[in-house]
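Per UniProt numbering: the sequence shown = residues 1 to 637. Each residue gets a CB set at the ideal place from its N, CA and C atoms; glycine is no exception. Working notes, structure below.
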Amino acid sequence: MSTGAYAAAYEQSIADPNAFWGAAASAVEWSTPPTQVLDDSNPPFYRWFRGGHLNTCFNALDRHVRDGRGDQAALIYDSPVTGTAQTFTYAELLERVARFAGALAGLGVEKGDRVVIYMPMVPEAVVAMLACARLGAIHSVVFGGFAPAELAARIEDARPKVVVSASCGIEPSRVVEYKPMLDGALDRSSHKPEAVVVLQRPQARAAVGERDTAWEEMTWEEVDADAEPADCVDVEATDPLYVLYTSGTTGRPKGIVRDNGGHAVALRWSMENVYDIGPGDVWFTASDVGWVVGHSYIVYAPLLTGATTVLYEGKPVGTPDASAFWRVISQYRCTAMFTAPTAYRAIKREDSAGELMRQYDLSSLRCVFLAGERLDPDTYAWATDVLGVPVVDNWWQTETGWPIAANLRGLEPMPLKPGSPSVPVPGYDVQILDESAQPVPPGTEGAIALRLPLPPGTLPTLWQDDERYVASYLSVYEGYYLTGDGGMVDEDGYVYVMGRTDDVLNVAGHRLSTGSIEAALAGHPAVAECAVIGVADDFKGQVPRGLVVLKGGIDPQVDGERIRAELVQRVRDEVGAVASLKQVDVVGALPKTRSGKILRKTMREMADGKTPSVPGTIEDASVLETLGPVLRPPNPL
Ligand code: COA
Ligand code: AMP
Numbered sequence: 001m002s003t004g005a006y007a008a009a010y011e012q013s014i015a016d017p018n019a020f021w022g023a024a025a026s027a028v029e030w031s032t033p034p035t036q037v038l039d040d041s042n043p044p045f046y047r048w049f050r051g052g053h054l055n056t057c058f059n060a061l062d063r064h065v066r067d068g069r070g071d072q073a074a075l076i077y078d079s080p081v082t083g084t085a086q087t088f089t090y091a092e093l094l095e096r097v098a099r100f101a102g103a104l105a106g107l108g109v110e111k112g113d114r115v116v117i118y119m120p121m122v123p124e125a126v127v128a129m130l131a132c133a134r135l136g137a138i139h140s141v142v143f144g145g146f147a148p149a150e151l152a153a154r155i156e157d158a159r160p161k162v163v164v165s166a167s168c169g170i171e172p173s174r175v176v177e178y179k180p181m182l183d184g185a186l187d188r189s190s191h192k193p194e195a196v197v198v199l200q201r202p203q204a205r206a207a208v209g210e211r212d213t214a215w216e217e218m219t220w221e222e223v224d225a226d227a228e229p230a231d232c233v234d235v236e237a238t239d240p241l242y243v244l245y246t247s248g249t250t251g252r253p254k255g256i257v258r259d260n261g262g263h264a265v266a267l268r269w270s271m272e273n274v275y276d277i278g279p280g281d282v283w284f285t286a287s288d289v290g291w292v293v294g295h296s297y298i299v300y301a302p303l304l305t306g307a308t309t310v311l312y313e314g315k316p317v318g319t320p321d322a323s324a325f326w327r328v329i330s331q332y333r334c335t336a337m338f339t340a341p342t343a344y345r346a347i348k349r350e351d352s353a354g355e356l357m358r359q360y361d362l363s364s365l366r367c368v369f370l371a372g373e374r375l376d377p378d379t380y381a382w383a384t385d386v387l388g389v390p391v392v393d394n395w396w397q398t399e400t401g402w403p404i405a406a407n408l409r410g411l412e413p414m415p416l417k418p419g420s421p422s423v424p425v426p427g428y429d430v431q432i433l434d435e436s437a438q439p440v441p442p443g444t445e446g447a448i449a450l451r452l453p454l455p456p457g458t459l460p461t462l463w464q465d466d467e468r469y470v471a472s473y474l475s476v477y478e479g480y481y482l483t484g485d486g487g488m489v490d491e492d493g494y495v496y497v498m499g500r501t502d503d504v505l506n507v508a509g510h511r512l513s514t515g516s517i518e519a520a521l522a523g524h525p526a527v528a529e530c531a532v533i534g535v536a537d538d539f540k541g542q543v544p545r546g547l548v549v550l551k552g553g554i555d556p557q558v559d560g561e562r563i564r565a566e567l568v569q570r571v572r573d574e575v576g577a578v579a580s581l582k583q584v585d586v587v588g589a590l591p592k593t594r595s596g597k598i599l600r601k602t603m604r605e606m607a608d609g610k611t612p613s614v615p616g617t618i619e620d621a622s623v624l625e626t627l628g629p630v631l632r633p634p635n636p637l
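Below, the structure is given as structure tokens:
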């Protein structure tokens, strides 16, 4: 265990958060400095940096231009799927952002208004996010891989004044047209925006303004070309910067609120202390701006730091091959990279000896960071071996916005242990609790909970739903935030995260809800009931499986095959291909408790070949027997 900088910082962060975060806040430029660091007057709601005023876009762009970084690269867009690359200096990015902020202002967007951004990995997505921040408007980015039902649910809840989108995204196998999906989502949503702005991409142009709609439709170019640059709008530290929807167990996504002040302070601190990245470093995060990793570590943290961020529109493999990441690292002399373990598993599958890697000069690379799902010891060992640099797991979630557990490469690098994201990050009081809310001894598994208050940058609540915030996260253990992950802490204080204890899915580092996949299945006219479970998968970590009971009168022998194919397609059309639902089985009945709760966990354990935990309240235990061969078919050998 550390006796050095980490131990001192951690202790202070828990014992005296006011002093710790008060000092960290000086790395951010405030128009009015905060009068209070932690406001704990209204538990369980905690707020950071009361009285402080700032603008996040100012801290990400204007400040660096003013201080002489105008000519430094801020954003490098590298897009193997379109065969293009483009570098934007801080001055250029500022100019683009200020102009698009003016364009949004021209459409009536003001401080506090929401703007939904549904875009692929193009620079304009970053420009739109920062333009919202500049105006004090609240962006809500929706991952481009989500189809109409998911997009509609987010539009319904966020109630945006404007939606910014693009004509298409580009997957290696196909061009994905966004506009029909956006139209489909807007048709479903009871909330309609005032305007829709569409970036036309040459790979597939969209029909813009051709339908008779209640809202105005324009191209990006039309609104942006002559817009007057807009200035930064002063906001309070506690005003929301963005709402990012994430999947819970039900079909209704949770609107995670991120405030301006705490976010800027925490991300700035994490770049230096967790990731060891400073001004001028080149940093490459291969994720998507639609996920929290993209928000925090493609966009905000590197720019708040004055580093250079790489925006990569491509995949780890197939664009064109498994050397894509190494090409990017060597071409831009990246200091560090960050992605999900699945991406490394994809590379390992195609180039396990690392031969393609050796074509590139990776001497600039100091460290690799992996997060978003469990880093299995095999992938950790392989990556460490072929890359020869530290491979650093870090554990966190959309709700926290930055790492809960990590090996703090800037503050005090500590020994790495396979299977563990290392130690609690300063600010997070990590506790492993048993069912009666008692801390368990080292080495014992339990629920991972965080003692309140959570540090700056984490969610203060859910978008316009304090009640759901408390019910979802704070009601199980009083005084604690429930992470939804199970795990343990060892004798050295290292955290081990075993996986979700609820029904949230994590497929290739993408967080998905069983509820929304089930809603898509249940919408099929032949389905009487259904359940979705996440089963272990060597490549994607987890994949969903659907189990459906058909309505009376439908003969599975006759129609089963057709219905299964339709169900797979339905999930692609409603939730998105990213759900990766390939297997749906027709079953006679689903196991339930006497009160009607479907036993997903029991089925998951059966499918994973574990001993299933069967609650005493099961309605009919014989259902499990009939499901056995379906969930885990006997090995034919
Ligand atoms: N827009 C539209 N479709 C998308 C999409 C997007 N942004 N992202 C993924 N999809 C589609 C894929 O094309 C694929 O479609 P298909 O079923 O027709 O082939 C489907 O969704 C499943 O995608 P994915 O699970 O990503 O599988 P894959 O085999 O295409 O790629 C990896 C596998 C590992 C290469 C990819 O998942 C990856 O790069 N993962 C990194 C994880 C990551 O970025 N996580 C974010 C948090 S850090
Ligand atoms: P998301 O909100 O999409 O970032 O997903 C968060 C969830 O992903 C967590 O609750 C974990 O279940 C899982 N996760 C993220 N990072 C890790 C990690 N380093 N180790 C284990 N699980 C992780």
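- Each residue's CA atom was taken as its position, placing Gly-262 and Val-586 some 49 Å apart.
- Taking the CA atoms as reference points, Leu-54 sits about 11 Å from Ala-25.
- The three-state reading of DSSP puts Gly-354 in coil, since its state is none of H, G, I, E or B.
- Counting only runs of 3+ residues, the beta strand (DSSP E) found wholly inside the region 444-499 occupies 446-451, 480-489, in chain order.
- Beta bridge pairing from DSSP links Gly-546 with Val-532, Val-584.
- Non-local C-beta neighbours of Leu-521 in its own chain, meaning closer than 8 Å and more than five positions away in sequence, comprise Val-527, Cys-530, Val-532, Gly-546, Val-548, Leu-567, Arg-570, Val-571, Val-584, ordered along the chain.
- Look at the region 129-195 and you find these whole runs of alpha helix (DSSP H), each 4 residues long or longer: 148-158, 179-188.
- Ligand 1 approaches Gly-509 closely enough that one of its heavy atoms is under 7 Å from the residue's Cβ.
- For Asp-39, the enclosing beta strand (DSSP E) has its first and last residue at 38-42.
- DSSP, read as helix, strand or coil, puts Asp-62 in helix.
- Residue burial is scored here from C-beta neighbours: Trp-283 has at least 16 other C-beta atoms within 10 angstroms and is therefore classed as buried.
- Exclusion of the five residues before and after Leu-599 leaves Pro-591 as the residues of its chain whose Cβ lies within less than 6 Å of its Cβ.
- Gly-515 sits close to Thr-250, with the two beta carbons spaced by under 8 Å.
- Look at the beta carbons and you see the region 549-566 not touching the region 611-622: under three pairs across the two are nearer than 8 Å.
- Per the coordinates, the alpha-carbon of Glu-399 lies some 20 Å from the alpha-carbon of Glu-156.
- Of the candidates Gly-484, Thr-617, Gly-290, Val-504, Gly-484 places its Cα closest to the Cα of Val-497.
- For Ser-516, the enclosing alpha helix (DSSP H) has its first and last residue at 514-522.
- Check the Cα spacing between Glu-194 and each of Gly-51, Gly-169, Val-116: the tightest is with Val-116.
- Pairing Gly-306 with His-64 gives a Cβ-Cβ distance under 8 Å.
- Here the distance from the Cβ of Gly-541 to the nearest heavy atom of ligand 1 is not below 7 Å.
- A direct Cα-to-Cα measurement between Arg-333 and Phe-88 gives close to 16 Å.
- Along the region 181-269, the beta strand (DSSP E) occurs as fully enclosed runs of 3 or more residues at 195-199, 216-219, 240-246, 254-259, listed in sequence order.
- A distance of 8 Å or more separates the beta carbons of Ala-519 and Pro-544.
- With a cutoff of 8 Å on beta-carbon distance, Pro-120 and Gly-169 are scored as near each other.
- Distance from the CA atom of Arg-562 to the CA atom of Thr-461, rounded to whole angstroms, is 44 Å.
- Per DSSP, Phe-88 is not a residue of any alpha helix (DSSP H); the beta strand (DSSP E) it occupies stretches across 84-89.
- Bridge partners of Lys-592 according to DSSP: Ile-598.
- When DSSP reads this structure, His-510 sits in a beta bridge with Val-507.
- Placement of the Cβ of Lys-597 at a distance of 7 Å or more from every heavy atom of ligand 1 is found.
- In terms of Cβ geometry, Ala-230 and Leu-135 form a close pair [threshold 8 Å].
- At a threshold of 7 Å, Asn-55 does not count as near ligand 2, since its beta carbon sits no closer than that to any of the ligand's heavy atoms.
- Distances from the CA of Trp-402 to each of Pro-456, Pro-441, Asp-537, Pro-525 were compared; the closest alpha carbon is that of Pro-456.
- Sequence-distant Cβ neighbours of Arg-188 in its own chain, meaning closer than 6 Å and more than five residues away, are Ala-152.
- Taking 8 Å as the cut-off, the Cβ atoms of Tyr-480 and Leu-459 do not count as close.
- Using a Cβ-Cβ distance cut-off of 8 Å, the region 352-365 and the region 325-332 are in contact, since at least three pairs of beta carbons, one from each stretch, lie closer than that value.
- The nearest non-hydrogen atom of ligand 2 is 7 Å or more from the C-beta of Glu-445.
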